[in-house]
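Enquirer: The opening residue of the sequence shown carries number 288 in my numbering; numbering runs sequentially from there.
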Amino acid sequence: MGKKADDAVLGARVGHSGLKIDSKDVSNTVLEGLILSNILYKPLSFFKPNPCNAVFDALKTDEQFLTLYKDISETKAILNPLIVMPDGLIIEGHSRYEVAKKLSAEGNSIGMLPTRIITTPLTSEEIKQRVYLGNLLRFEIDEDTRIVLYAEIWPDYFCTTGKPGRKRDHGDTISVSDLSKKLGKSIPQIKRDAAIYRNAKKKQGNNLTVQDISLSRKELNTKRKRQEKLKKAQRQQTHSINTLPVLDDFQINILQRQGTWNFDIDINYIISYMEKLKLSGFITQSTMLDFLIAWIMHLKNELFLHNSKDKDEI
């Protein structure tokens with residue numbers, strides 16, 4: 288038995304009236320917690336295209352439609368039932384419906400369409416969430432567009448200021464953990480998506496475009512890379528300090544000892560070393576200044592002694 292036939296048999300067996308959907312596959316993720324009828328067969332006139340699906344129709348390619356058209360026309364049937372509300376409003380199966388309508392207009396009607404009716408009452412917002420989630424899970428949609436769509440159906444998580452994911456101070460109706468499960472993304476990914484949206488909203492206000500999200504993503508990526516570069520430099524600096532003599536050795540060789548300075552060490556090495564120690568908090572700017580003043584005085588004295596010696600020889 289081929290895969291399509293398997294799907295047809297499966298569709299006839301699962302989801303008997305009164306059973307709740309709790310499977311992990313895409314369709315059942317969208318239908319989770321809902322009660323559906325047995326498979327019924329309905330004419331094209333029964334179905335109502337869902338306005339919420341319009342945004343996804345615009346994103347689908349002609350190639351995707353033609354592939355589905357070819358499969359259904361060859362099979363002369365729709366194997367996976369459409370999911371609708373009691374009034375025929377489509378929740379799942381918009382493309383299948385469009386193909387069936389096109390075939391009918393061409394004189395190649397495939398007859399009644401397999402249908403399952405959602406008997407659980409849903410608000411308009413809940414219907415929108417189900418439609419969006421089904422499309423987001425099924426189709427390849429670029430990440431920036433996805434973020435805009437996420438914010439449409441979960442605005443309290445993606446748009447509201449505060450600490451996201453904590454209902455007590457953020458007002459979420461959904462947690463980041465729930466979103467992770469629904470969208471098949473890791474929690475860090477969900478948090479990054481939310482950060483990108485909130486950053487764009489902060490700069491551009493409401494009614495964000497995909498371009499706004501793209502610019503926000505680039506800005507945060509640049510900021511992240513800059514922070515990573517800084518952390519790397521700090522790690523390297525710490526490593527460099529750890530490979531130099533310990534502070535006691537530094538004090539013995541460079542800092543004041545018995546009221547004098549040791550000037551037998553190369554000045555470039557000393558300054559470099561002191562800069563590292565200053566950044567690490569071991570010494571202060573004033574300590575460095577004291578040393579440099581002492582070094583200048585030392586050079587002045589050396590020059591004076593050298594000149595005095597030359598005069599004595601004359």
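Beta carbons are placed, not taken as given, at the ideal position from N, Cα and C, and that holds for glycine. Small disclaimer: the values here were computed from a predicted structure and weren't measured.
Return the residue from the list Ile500, Ile483, Leu323 and Ala520 that minimises the CA-CA distance to Val371.
Expert: Stepping through the sequence shown from its first residue, residue 371 is reached at position 84. Among Ile500, Ile483, Leu323 and Ala520, the Cα nearest to that of Val371 belongs to Leu323.
Enquirer: Using C-beta distances below 6 Å, list every residue in its chain close to Arg455, excluding the 5 sequence neighbours before and after it, in chain order.
Expert: Along the sequence shown, read from residue 1 onward, the residue named residue 455 stands at position 168. Note on Arg455: pLDDT 41, under 50, position unreliable in the model; the coordinate value appears next. None.
Enquirer: Opposite Glu379 in the DSSP bridges: which residues?
Expert: Your numbering for residue 379 matches position 92 in the sequence shown. In DSSP, Glu379 forms a bridge with Ile370.
Enquirer: Secondary structure at Lys335, three-state DSSP: helix, strand or coil?
Expert: Here residue 335 refers to the residue found at position 48 when the sequence shown is read from its first residue. Three-state result, Lys335: strand.
Enquirer: By how many angstroms is the C-alpha of Leu369 removed from the C-alpha of Tyr384?
Expert: To locate residue 384, count along the sequence shown from 1; it is residue 97. To locate residue 369, count along the sequence shown from 1; it is residue 82. So the two alpha carbons sit approximately 8 Å from each other.
Enquirer: Sort Tyr356, Pro330, Lys505 and Gly471 by Cα distance to Arg602 and report the nearest one.
Expert: Residue numbering for the chain in the displayed model covers 288 to 601; residue 602 lies beyond these limits and cannot be assessed.
Enquirer: Helix, strand or coil for Pro330 per DSSP?
Expert: Working through the sequence shown from its first residue, we reach residue 330 at position 43. Three-state result, Pro330: coil.
Enquirer: Between the C-alpha atoms of Phe426 and Arg522, what's the straight-line distance to the nearest angstrom?
Expert: Indexing the sequence shown from 1 puts residue 426 at position 139. Indexing the sequence shown from 1 puts residue 522 at position 235. When rounded, the distance between both Cα atoms is 43 Å.
Enquirer: For Thr410, which option in Pro401, Ile440, Asp358 and Lys489 has the closest C-alpha, if you only look at C-alpha atoms?
Expert: As a position in the sequence shown, residue 410 is number 123, starting the count at 1. Considering only alpha carbons, the answer is Ile440.
Enquirer: Thinking C-alpha only, which one of Lys489, Leu346, Asn337 and Gln416 is nearest Glu506?
Expert: As a working note, residue 506 is residue 219 in the sequence shown. The option with the nearest alpha carbon to Glu506 is Lys489.
Enquirer: Could you give the residue range of the beta strand (DSSP E) that holds Ile414?
Expert: Working through the sequence shown from its first residue, we reach residue 414 at position 127. Here Ile414 belongs to no beta strand (DSSP E); instead the alpha helix (DSSP H) covers Ser411 to Arg425.
Enquirer: Compare the beta carbon distance of Ile434 and Cys339 with 8 Å and say whether it is the shorter of the two.
Expert: Translated into the one-based positions of the sequence shown, residue 434 becomes position 147. Translated into the one-based positions of the sequence shown, residue 339 becomes position 52. No, they are not a contact pair.
Enquirer: What span of residues does the alpha helix (DSSP H) with Leu346 cover, start to end?
Expert: Start at 1 with the first residue of the sequence shown, and residue 346 comes out as number 59. First-last of the alpha helix (DSSP H) with Leu346: Ala341 to Leu346.
Enquirer: Based on the DSSP secondary-structure assignment, which residues constitute the bridge partners of Pro401?
Expert: Counted from its first residue, the sequence shown places residue 401 at position 114. Paired residue(s): Tyr328.
Enquirer: What number of angstroms, rounded off, separates the C-alpha of Arg478 from the C-alpha of Val463?
Expert: Counted from its first residue, the sequence shown places residue 478 at position 191. Counted from its first residue, the sequence shown places residue 463 at position 176. According to the sequence displayed, residue 478 carries Lys and not Arg. If I take the Cα positions, the gap works out to 7 Å.
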